[in-house]
Amino acid sequence: MDVFAELKKIIEELLDLEDREITPETLLIQDLGAESIDLLELAVTINSRFKIAVKDDEIFLTRFRLYSTEANQQGKDAVQYLAGRYPFLGEDRIAEIVAHIKEGPQLKIKDLISYVTYRSGGG
Amino acid sequence: MSLHFSGTRALVLGGTCELALVLAQTMIESDLFPLLTYRDDKGLNTIREALRPFHGRYETCYLNFGDRDSLDSIFTQIGDDLNFLVDFAQGNYESLIAGADEERVYSYFMENISFRAEILKRVGRAMLKKRKGRLVFVSSAAAARPNPGQGFYAAAKLASEALYRNMGLELGERGVTTVILRPGYIDAGRGRIYLQKQDRKILEMTPIKRAITGEEIAQTILFLLSDGAASINGTEISMDGGLTSGK
Numbered sequence: 001m002d003v004f005a006e007l008k009k010i011i012e013e014l015l016d017l018e019d020r021e022i023t024p025e026t027l028l029i030q031d032l033g034a035e036s037i038d039l040l041e042l043a044v045t046i047n048s049r050f051k052i053a054v055k056d057d058e059i060f061l062t063r064f065r066l067y068s069t070e071a072n073q074q075g076k077d078a079v080q081y082l083a084g085r086y087p088f089l090g091e092d093r094i095a096e097i098v099a100h101i102k103e104g105p106q107l108k109i110k111d112l113i114s115y116v117t118y119r120s121g122g123g
Numbered sequence: 001m002s003l004h005f006s007g008t009r010a011l012v013l014g015g016t017c018e019l020a021l022v023l024a025q026t027m028i029e030s031d032l033f034p035l036l037t038y039r040d041d042k043g044l045n046t047i048r049e050a051l052r053p054f055h056g057r058y059e060t061c062y063l064n065f066g067d068r069d070s071l072d073s074i075f076t077q078i079g080d081d082l083n084f085l086v087d088f089a090q091g092n093y094e095s096l097i098a099g100a101d102e103e104r105v106y107s108y109f110m111e112n113i114s115f116r117a118e119i120l121k122r123v124g125r126a127m128l129k130k131r132k133g134r135l136v137f138v139s140s141a142a143a144a145r146p147n148p149g150q151g152f153y154a155a156a157k158l159a160s161e162a163l164y165r166n167m168g169l170e171l172g173e174r175g176v177t178t179v180i181l182r183p184g185y186i187d188a189g190r191g192r193i194y195l196q197k198q199d200r201k202i203l204e205m206t207p208i209k210r211a212i213t214g215e216e217i218a219q220t221i222l223f224l225l226s227d228g229a230a231s232i233n234g235t236e237i238s239m240d241g242g243l244t245s246g247k
């Protein structure tokens with residue numbers, strides 16, 4: 001299954017987006033304006049379409065900033081610490097998020113793809 | 001008045017209590033399909049006995065408050081095909097606050113509040129998939145006006161009311177709405193046992209001078225589940241004959 005194409009379709013339906021360019025690099029919250037209720041519905045739909053268990057905190061990186069602070073407080077390497085929390089993300093991607101974290105929520109469509117692929121046993 | 005419903009399948013928590021069984025009959029007569037929860041064989045038999053004439057028009061499922069595996073098994077059994085939830089489930093724990101057993105307090109709140117929150121999460125997510133669902137929480141007049149000894153019961157009811165209220169607040173725009181019903185003195189189940197222990201004085205305090213019947217509660221819940229009541233959302237309704245309106 002083309003995970004990106006399927007996710008794109010789901011997001012377009014849920015957020016009622018027409019003729020809007022969505023790529024794996026699109027930011028879900030900052031670019032598309034997804035709100036918490038949209039994310040909740042997205043989690044439910046992903047669970048149902050891809051038949052995978054979805055933990056909302058995990059897939060939407062809800063506690064990313066908190067874990068990042070935790071790593072700093074404990075004098076640990078943030079990227080490694082976060083990689084333990086988010087095994088579906090590569091270290092490069094985690095480093096990228098850490099670098100941009102001050103600019104607001106960094107959740108991208110490609111992170112959802114990673115989660116779905118990982119949970120489907122393909123990661 | 002004819003009632004219209006969006007869907008048929010109704011999960012009834014605490015499905016073995018007298019009120020739930022009266023409601024189940026009323027539902028079946030209105031072509032709804034109740035799924036009644038029970039927590040032991042005795043409860044299962046009570047349901048089967050009470051609904052004997054309605055074989056095939058209802059289902060039963062095992063649910064033990066506090067047992068998370070039993071919640072999983074319910075969703076395995078019924079899937080996500082759920083239109084309504086009516087929640088009668090409530091453990092009873094009567095004790096003065098200053099005389100309470102700590103262990104029981106912790107487990108009582110875990111079973112009656114935390115576990116309920118988990119049920120609401122699961123049910124809410126199932127209903128979100130359809131963007132449609134209606135939930136009725138049967139609370140109690142004791143939530144607002146408890147008697148001495150009812151502190152824990154009232155606390156659990158109020159906390160549960162808050163969960164239902166917020167669910168209606170959060171999911172209302174996606175078609176999932178909630179309402180809380182607060183019955184007063186009821187001539188059924190635990191209420192009847194309580195009333196039998198009291199003299200008439202307690203009903204004399206109620207403006208309508210009588211107890212509420214199970215049939216009245218069932219009819220009201222049925223209306224609250226119907227399409228016509230859908231805009232009653234995230235709020236509580238007292239059904240106590242006026243008991244809590246004055247002093």
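Residue numbers (our numbering), protein chains in the order written: chain A, 1 to 123; chain B, 1 to 247.
Ideal Cβ positions, reconstructed from N, Cα and C, are used throughout, including at glycine.
Here's the rule: buried if 16 or more other CB atoms are within 10 angstroms of the residue's CB, otherwise exposed. What is A/E68? Looking at the sequence itself, residue 68 of chain A is Ser, so the reference to Glu does not match. Buried is the call here.
Report the option in B/L19, B/S6, B/V138 and B/E94 whose CA atom is closest to the CA atom of B/S30. B/S6
Classification of A/K108 by the beta-carbon crowding that lies within 10 angstroms, buried from 16 upward: buried
Inter-residue Cα distance where the pair is B/E170 and A/L61: 21 Å
Measuring only the C-alpha atoms, how far is A/I101 from B/S95? 51 Å
Under 9 Å (Cβ pairs) to chain B, residues found in the region 28-48 of chain A: S36, I37, L40, E41, A43, V44, T45, N47 and S48
Straight-line Cα distance separating A/L32 from A/E25: 12 Å
Count the other CB atoms, across all protein chains shown, that sit within 10 Å of the CB of B/T76; report buried if there are 16 or more and exposed otherwise. exposed
Would you check whether the ligand ZN has a heavy atom nearer than 7 Å to the C-beta of B/K209? Annotation note on the ligand ZN: not contained in the displayed structure, which lists no ligands.
For a contact defined as C-beta to C-beta under 8 Å, what are the partners of B/E118 on chain A? What B/E118 touches in chain A: nothing, since even the nearest Cβ is about 14 Å away.
Chain A contact for B/L85 (CB, 8 Å cutoff): no
Short CB-CB distance (under 8 Å) between B/K129 and chain A: yes
Along the chain, where does the beta strand (DSSP E) that runs through B/S231 open and close? Neither: B/S231 is in no beta strand (DSSP E) and is coded neither H nor E.
Would you list the residues sitting across from B/C61 in a DSSP beta bridge? B/T37
Span of the beta strand (DSSP E), counted from its first residue to its last, around B/D87: Counting along the chain, the unbroken beta strand (DSSP E) around B/D87 starts and ends at F84 to D87.
Assigned secondary structure, B/F5 (DSSP; H/G/I helix, E/B strand, else coil): coil
is_contact[B/E236, chain A] using C-beta, thresh 8 Å: No, B/E236 does not count as interfacial toward chain A.
Paired residues, beta bridge with B/E236 - DSSP: B/I180
Do B/V248 and B/F152 have their C-beta atoms closer together than 8 Å? No information on residue 248 of chain B is available, as it lies outside the stretch 1 to 247 that chain B covers here.
B/R104 in three-state terms, based on DSSP: helix
Per-residue DSSP class, three states only, for B/R134: In this structure, B/R134 counts as strand in the three-state DSSP scheme.
Just verifying my parser: in three-state terms, what is the DSSP assignment at B/L19? helix
What is the DSSP secondary structure of A/K76, reduced to helix, strand or coil? coil
Under three-state DSSP, which class holds B/A10? strand
Short Cβ contact (8 Å threshold) for B/T220 with B/M239: yes
Quick check on this structure: which residue in A/K55, A/K51 and A/Y81 has the alpha carbon closest to the alpha carbon of A/R65? Minimum Cα distance to A/R65 is reached at A/Y81.
Whose C-alpha, out of B/Y164, B/A141, B/N166 and B/G14, is nearest the C-alpha of B/L44? B/G14
For B/D227, which residues in the same chain have their Cβ closer than 7 Å to its Cβ, ignoring the five residues on either side in sequence? Counting only Cβ-Cβ distances below 7 Å, and skipping sequence neighbours, we find H4, F5 and S6.
Could you check the C-alpha separation between B/K132 and A/S120 for me, to the nearest Å? 28 Å
Looking at the C-beta of B/R125, does it have a partner C-beta in chain A at a distance below 8 Å? yes
Measuring alpha carbon to alpha carbon, tell me which of B/R52, B/S2, B/E111 and B/N83 ends up nearest B/V22. B/R52
Other residues of its chain near B/I97: CB distance less than 7 Å, five sequence neighbours each side excluded: G151
Throw me the rounded Cβ distance for the A/E41 and A/L14 pair, which I believe falls under 8 Å. Confirmed, about 6 Å.
Spell out the partners DSSP gives A/K108 in its beta bridges. A/L27
Got a sec? Which residues, its chain only, sit under 7 Å from A/V54 by beta carbon, not counting five neighbours each side? A43, I46 and N47
Near A/I113, what residues of its chain come up, given a Cβ to Cβ distance below 7 Å and the 5 sequence neighbours on each side ignored? V3, F4, L7 and P24
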